[in-house]
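Be aware that the sequence shown starts at 107, since it is given in the working numbering, and climbs by one per residue.
Glycine included, C-beta positions come from ideal geometry on N, C-alpha and C.
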Amino acid sequence: MSSKQAIKRVVVLGSTGSIGTQTLDVAHQHADRLQIVGLAAGTRAAELLEQARRFDVHHLAVGVPEVLDQDMTQAFTEQAKAAYFLPNAPEGSYQPQAGQGSFGVGPDEVVNLCHLPEADIVVNALVGAQGLRASYETLKAGKVLALANKESLVVGGDLIMPLATHDTLLPIDSEHGAIYQCLLGENAKEVTKLWVTASGGPFRGKMRKDLETVTPAQALAHPTWNMGKKISIDSSTLMNKGLEVIEAHHLFAMDYDRIEVVVQPQSAIHSMVEFSDGSVKAHLGTTDMRIPIQFALSYPERWSAPVEPLDFRQLGTLEFAAPDTDTFKCLALARRAGSVGGTLPCVMNAANEIAVAAFLDNACSYLGIADVVEAVMDAHTPQVVESIEQLSELDQWARDYACTYLAKNY
Ligand SMILES: NC(=O)c1ccc[n+]([C@@H]2O[C@H](COP(=O)([O-])OP(=O)(O)OC[C@H]3O[C@@H](n4cnc5c(N)ncnc54)[C@H](OP(=O)(O)O)[C@@H]3O)[C@@H](O)[C@H]2O)c1
107 MSSKQAIKRV
117 VVLGSTGSIG
127 TQTLDVAHQH
137 ADRLQIVGLA
147 AGTRAAELLE
157 QARRFDVHHL
167 AVGVPEVLDQ
177 DMTQAFTEQA
187 KAAYFLPNAP
197 EGSYQPQAGQ
207 GSFGVGPDEV
217 VNLCHLPEAD
227 IVVNALVGAQ
237 GLRASYETLK
247 AGKVLALANK
257 ESLVVGGDLI
267 MPLATHDTLL
277 PIDSEHGAIY
287 QCLLGENAKE
297 VTKLWVTASG
307 GPFRGKMRKD
317 LETVTPAQAL
327 AHPTWNMGKK
337 ISIDSSTLMN
347 KGLEVIEAHH
357 LFAMDYDRIE
367 VVVQPQSAIH
377 SMVEFSDGSV
387 KAHLGTTDMR
397 IPIQFALSYP
407 ERWSAPVEPL
417 DFRQLGTLEF
427 AAPDTDTFKC
437 LALARRAGSV
447 GGTLPCVMNA
457 ANEIAVAAFL
467 DNACSYLGIA
477 DVVEAVMDAH
487 TPQVVESIEQ
497 LSELDQWARD
507 YACTYLAKNY
């Protein structure tokens with residue numbers, strides 16, 4: 107590799123989570139192409155500090171102040187200030203001077219990392235609607251947004267998409283990364299349908315009565331992906347697929363009646379695009395998030411594989427089925443929210459976040475998650491999306507309503 111190869115300078119928000127750690131793994135494997143310049147996490151401060159030392163990062167933020175004691179604060183401050191340089195750094199790479207780092211505490215400081223002058227790309231791997239501001243500010247700052255935080259688009263797609271271009275918003279979600287790649291070189295007017303694939307989750311094939319006593323441990327045991335808790339529960343209820351349908355609607359400017367969900371239990375096909383001549387392009391690959399993460403970082407190039415490529419001889423059968431939306435009501439609710447649009451997806455998402463947290467806390471039954479979401483959606487009169495502040499107020503209203511509903515019904 108030429109020493110003149112440009113290095114991409116990356117901020118990772120949510121670096122201690124599933125996507126965050128896999129992003130750092132990709133950065134480690136491609137250390138000659140990727141330089142981590144900023145890291146943020148919520149509560150796992152010791153892990154964040156360890157990452158900062160390992161990747162020599164000096165712009166740091168911790169989102170939840172309560173987790174920091176004096177010693178940890180001191181350690182972060184020292185890491186931010188430490189003198190450093192890159193020995194053997196390729197020409198043109200990032201070589202900050204001593205004392206130029208930063209250490210911030212609280213949600214605003216996490217978002218501030220999106221404006222780092224030395225960053226080219228922000229990987230938003232935060233979980234939940236709290237990721238919206240970071241996505242918005244990244245694009246406003248003119249940087250590339252590598253987006254794992256699908257809730258950003260579910261809640262604020264109407265505000266984010268006008269700021270984005272094809273080259274500045276790269277999806278990390280494997281389904282959307284797949285569709286993005288299937289669409290490369292194609293005429294958008296010739297696309298007739300997007301097929302978003304779903305593994306079906308741990309309860310594929312079950313009926314409602316089978317799900318009455320599901321425990322958090324059972325719901326967290328995803329058959330094909332190893333993910334954070336919130337998305338694991340969302341995958342089991344198919345809410346995750348509903349969020350992805352809304353995400354696809356925004357990313358690819360596609361009407362809801364042209365976005366289909368198909369269950370593909372092997373998760374080998376990551377999604378498909380159908381064209382006007384009846385041709386269908388599918389994206390396949392090993393079931394490992396480092397592939398779509400790397401694509402979002404390497405685009406428009408492709409770099410050497412981060413994991414073993416798929417061996418089709420080992421794959422065996424590929425199955426397909428329609429999703430069961432009577433049993434998995436969350437998918438139907440999300441579709442309804444997306445089709446109505448406006449502020450309804452914001453409210454639906456907030457209700458779901460509260461219901462999932464309550465379920466994990468044994469304060470809501472598994473089937474109750476959909477009931478909470480539906481009750482909050484029914485209580486809301488959708489408005490046109492106008493601002494982050496408006497969404498933030500409605501998000502809070504929906505959370506309060508969901509908590510009251512839970513207190514009355516569970
Ligand atoms: N995991 C996957 O395979 C996958 C696939 C596709 C899309 N996604 C999407 O990617 C996003 C992240 O998912 P994940 O599975 O990586 O979740 P996760 O493992 O729970 O990680 C979430 C990250 O966000 C951080 N965080 C939480 N609250 C924060 C706060 N207040 N301030 C700053 N950081 C905070 C966490 O920090 P602490 O842990 O230190 O508190 C952690 O680093 C989600 O939107 C998910 O839907 C995930």
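Measure from the alpha carbon of residue i to the alpha carbon of each residue in the options, then state which is nearest.
i    : options                   : result
T423 : N458, S373 and H389       : S373
V413 : S258, F401, I397 and E495 : I397
A231 : I337, R310 and G391       : I337
M483 : L497, S471 and A456       : A456
E292 : A235, T321, V386 and D264 : V386
M395 : V490, L289, A284 and S342 : A284
L300 : F161, G384 and Q180       : G384
S445 : Q420, E353 and E425       : E353
V170 : R150, R419 and G237       : R150
T392 : I339, E281, L450 and K335 : E281
K347 : V297, S305, H221 and V228 : S305
L251 : A181, A225 and P213       : A225
D432 : E184, V229, G263 and L344 : L344
F358 : V297, I399 and W331       : V297
D467 : R408, P322, W331 and E380 : P322
I266 : Q287, T449, C288 and R239 : R239
E153 : L500, L289 and L130       : L130
D363 : R408, V302 and A388       : V302
V522 : A188, E495 and K249       : Here the chain covers residues 107 to 516 and nothing more, so residue 522 does not appear.
G262 : Y242, M360 and A388       : Y242
H389 : Q287, A427 and D361       : Q287
F418 : F381, R408, Q180 and I375 : I375
A318 : Y516, G474 and Q489       : Here residue 318 turns out to be Glu, not Ala, going by the sequence shown. The shortest Cα separation from E318 among Y516, G474 and Q489 belongs to G474.
G447 : L497, L416 and V462       : L497
Q135 : A481, D361, A427 and I399 : I399
V379 : E499, L222, F309 and L289 : L289
V95  : Q180, T183 and I278       : Any answer about residue 95 is impossible in this case: the structure gives the chain only from 107 up to 516.
A411 : V132, D506 and S341       : V132
Using three-state DSSP, classify residue i as helix, strand or coil.
i    : result
F358 : coil
V163 : coil
M378 : strand
F182 : helix
Q489 : coil
W503 : helix
P277 : strand
Q206 : coil
Q111 : coil
L232 : coil
E366 : strand
H389 : strand
T510 : helix
V446 : helix
L119 : strand
T303 : strand
G169 : coil
V320 : coil
Q141 : strand
If I measure Cβ to Cβ from residue i and keep anything under 7 Å in the same chain, skipping five residues before and after, which residues do I get?
i    : result
E492 : none
M107 : Here the model assigns M107 a pLDDT of 42, short of 50, so the residue's position is not dependable, and the following value carries that caveat. If we look at M107 and ignore the five residues flanking it on each side, its Cβ neighbours are D138.
G237 : N230, N255, E257 and S258
V260 : L349, I352, E353, P451 and N455
D264 : V491
F434 : T343 and L344
A158 : L145, L166 and Q185
C509 : I460
Given residue i, which residues of its chain have a CB within under 8 Å of its CB, disregarding the five upstream and five downstream residues?
i    : result
K114 : R139, L140, Q141, D226, I227 and L403
A186 : H164, H165, L166, G207, S208 and F209
K514 : none
In chain order, what residues of the same chain have a beta carbon less than 6 Å from the beta carbon of residue i, not counting five sequence neighbours either side?
i    : result
A167 : A146, G210, E215, V216 and L219
E459 : G234
S471 : none
P213 : G169
T244 : C220, V228 and L251
A464 : C470 and L512
Could you confirm whether any beta carbon from chain C is found closer than 8 Å to the beta carbon of residue i?
i    : result
L421 : Checking the listed chains, one finds no chain C in this structure; it contains a single protein chain.
Handout entry: Inter-stretch contact at 8 Å, needing at least 3 Cβ pairs: the segment 139-153 / the segment 212-226
Key = yes
Exercise for the section: Would you be able to state if there are at least three C-beta pairs under 8 Å between the segment 430-450 and the segment 358-370? Expected result: Segment contact: the segment 358-370 against the segment 430-450, three or more CB-CB distances shorter than 8 Å; contact assigned.
Problem - Inter-stretch contact at 8 Å, needing at least 3 Cβ pairs: the segment 401-418 / the segment 309-328 - result: no
Exercise for the section: Taking 8 Å as the threshold, find out whether the segment 160-167 comes into contact with the segment 266-274 through three or more Cβ pairs. Expected result: no
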